[in-house]
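Number of protein chains: 2
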Amino acid sequence: MIDPAAAADEQLSRYMAERGLKHTRQRSLIVQTFVRAGGHSSVDEILATVKRQDARVSVATVYRTMKLLADCGVATALDFGDGQVRYEPAAGRHHHDHLVCTSCGRIVEFENDRIEALQQTVAKRHGFQVSSHRMELYGTCRDCLASGRAPPS
Amino acid sequence: MIDPAAAADEQLSRYMAERGLKHTRQRSLIVQTFVRAGGHSSVDEILATVKRQDARVSVATVYRTMKLLADCGVATALDFGDGQVRYEPAAGRHHHDHLVCTSCGRIVEFENDRIEALQQTVAKRHGFQVSSHRMELYGTCRDCLASGRAPPS
DNA sequence: CTCAGTGCAAAGTCTTTGCACGATT
DNA sequence: AATCGTGCAAAGACTTTGCACTGAG
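As given, the protein sequences belong to chains A and B, one line each in that order.
The numbers in the first sequence follow the numbering used here, run straight up by one, and end at 269.
The numbers in the second sequence follow the numbering used here, run straight up by one, and end at 269.
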């Protein structure tokens, strides 16, 4: 089990077997495509890649499958405010947040325990019990800064 | 100038005067409605309130006006991931982030300089120059915890 | 053989836009 | 009077859904 795509497929299989869902060719193809993409994929992107192997797969199936993956813990839904949902593999990964380059779209992940701790403190101060959060830092990445690509002001 | 709604209207007037835009009845009505709502309003909510005073105002005008307000610094656009843009008054306000109750929808604002500082540190470590960020903590508010409203698991 | 899954196209949201009419400067 | 703004409805982008057919178990 060295291949993460195969691992995800396995995890999905177990989840489905447990509740009488079916392991179809399309689902298998979508999971593997998604995992191999490495992260932050939109449904459109996944569909485009999937179609190279099977042109008859429909958007609807990708939407339905990604939702399924989110439910069974294989994928996490992201929203970078660009009007479409994105997904990243979740399997065995620690929580993290994102740096988003507004020039080239590059996405870098980071985690910072001190920020997380402070968030808990803030929440407690207001009587909230936090169940999740989202944090994205938008700006210009190293490469875009270096190449002088102007930050869209 | 004690009334913030009037103040915002003024600010908008100046902005418009500077660039030959027109100060219409609709715009005035929308700004005041928006400011009086106090914050985190969706276009739909603003429209509903506006229509009580003038039923003939259209959605399009509210969308256009809110965009104008965002451009002139009177409003800030928010995205809580619920599929619609929200706006809050920006005039003279310091940056802040949000706690969102997933049970009752309540929104509490907070600011925390230490978190902001840590964000800068993280960004720098990755070579990013941050221009903006968003951070929302989702969970259950004090009241919902007290009244036993189950956090939607 | 049965029931879940799929493809397709229609429908649903939220938001934007084209256009002729109306209102402000 | 000259333009900008407005209302309306159509169009767009993304996502969901109804339905008949297909295919996995």
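Backbone N, C-alpha and C define an ideal beta-carbon position, used for all residues, glycine too.
Rounded distance between the beta-carbons of residue j and residue i, thought under 8 Å
| i | j | result |
| --- | --- | --- |
| Thr149 (chain A) | Val175 (chain A) | The pair is not a contact, with the Cβ atoms about 14 Å apart (cut-off 8 Å). |
| Gln127 (chain B) | Leu145 (chain B) | That pair is no contact at about 16 Å. |
| Cys217 (chain B) | Gly155 (chain B) | Contact doesn't hold; Cβ gap of about 15 Å is too wide. |
Backbone CA spacing between residue i and residue j [nearest angstrom]
| i | j | result |
| --- | --- | --- |
| Lys183 (chain B) | Asp125 (chain B) | 15 Å |
| Ala207 (chain B) | Leu253 (chain B) | 24 Å |
| Asp198 (chain A) | Arg258 (chain B) | 32 Å |
| Arg130 (chain B) | Val151 (chain B) | 17 Å |
| Ala123 (chain A) | Pro205 (chain A) | 11 Å |
| Arg141 (chain B) | Thr181 (chain B) | 12 Å |
| Leu215 (chain A) | Ala133 (chain B) | 38 Å |
| Leu137 (chain B) | Arg172 (chain B) | 21 Å |
| Tyr203 (chain A) | Gln200 (chain B) | 20 Å |
| Asp160 (chain A) | His139 (chain B) | 42 Å |
| Ser269 (chain A) | Gly264 (chain B) | In this prediction, Ser269 (chain A) has a pLDDT of 46, which is less than 50 and means its spatial position is unreliable; nothing more can be read from the coordinates. |
| Cys260 (chain A) | Ile223 (chain A) | 13 Å |
| Leu185 (chain B) | Tyr179 (chain B) | 10 Å |
| Arg209 (chain A) | Ala233 (chain A) | 19 Å |
| Ile162 (chain A) | Ala153 (chain A) | 8 Å |
| Ser248 (chain A) | Ser248 (chain B) | 21 Å |
| Gly221 (chain B) | Lys240 (chain B) | 34 Å |
| Ala164 (chain A) | Ala164 (chain B) | 40 Å |
Closest by C-alpha distance to residue i, when choosing among the options
| i | options | result |
| --- | --- | --- |
| Asp229 (chain A) | A:Ala122, A:His211, A:Ser219 | A:His211 |
| Arg135 (chain B) | B:Asp187, B:Ala164, B:Ser157 | B:Asp187 |
| Thr237 (chain B) | A:Phe226, A:Ala233, A:Val238 | A:Phe226 |
| Ala262 (chain B) | B:Ser219, B:Lys138, B:Thr177 | B:Ser219 |
| Asp119 (chain B) | B:Arg265, B:Leu137, B:Asp160, B:Val147 | B:Val147 |
| Asp195 (chain B) | B:Ser158, B:Lys240, B:Gly264, B:Ala233 | B:Ser158 |
| Arg250 (chain A) | A:Cys260, A:Ile231, A:Arg265 | A:Ile231 |
| Thr177 (chain A) | A:Ala233, A:Ser248, A:Ala239, A:Arg143 | A:Arg143 |
| Asp213 (chain B) | A:Gln235, A:Ile162, A:Ala153 | A:Gln235 |
Check: Is there contact here, the region 237-248 of chain A with the region 190-199 of chain B, by at least three beta-carbon pairs under 8 Å?
Finding: Taking one beta carbon from each stretch, the region 237-248 of chain A and the region 190-199 of chain B have fewer than 3 pairs nearer than 8 Å; the two do not touch.
Item checked: Contact residues within the region 225-255 of chain A, judged by C-beta distance below 7 Å to chain B -> Phe226, Asn228, Arg230, Ile231, Leu234, Gln235, Val238, Ala239, His242, Gly243, Phe244, Gln245, Val246, Ser247, Ser248, His249, Arg250, Met251, Glu252, Leu253, Tyr254, Gly255
Note to self: Can you pull out the residues from the region 195-212 of chain B whose beta carbon lies closer than 8 Å to at least one beta carbon of chain A?
What the structure shows: Asp195, Gly197
Next item on the list: Could you list the residues in the region 152-169 of chain B with a C-beta less than 8 Å from some C-beta on chain A, going in chain order?
Entry: none
Next item on the list: Give, in chain order, every residue of the region 136-147 of chain B whose Cβ lies closer than 9 Å to some Cβ of chain A.
Entry: none
Note to self: Tell me which residues of the region 172-195 of chain B have at least one Cβ-Cβ distance to chain A shorter than 8 Å, keeping chain order.
What the structure shows: Shown in chain order are the members of the region 172-195 of chain B whose Cβ falls below 8 Å from a Cβ of chain A: Asp195.
Note to self: Output needed in chain order: residues of the region 212-223 of chain B with a Cβ under 8 Å from some Cβ in chain A.
What the structure shows: Leu215, Cys217, Thr218
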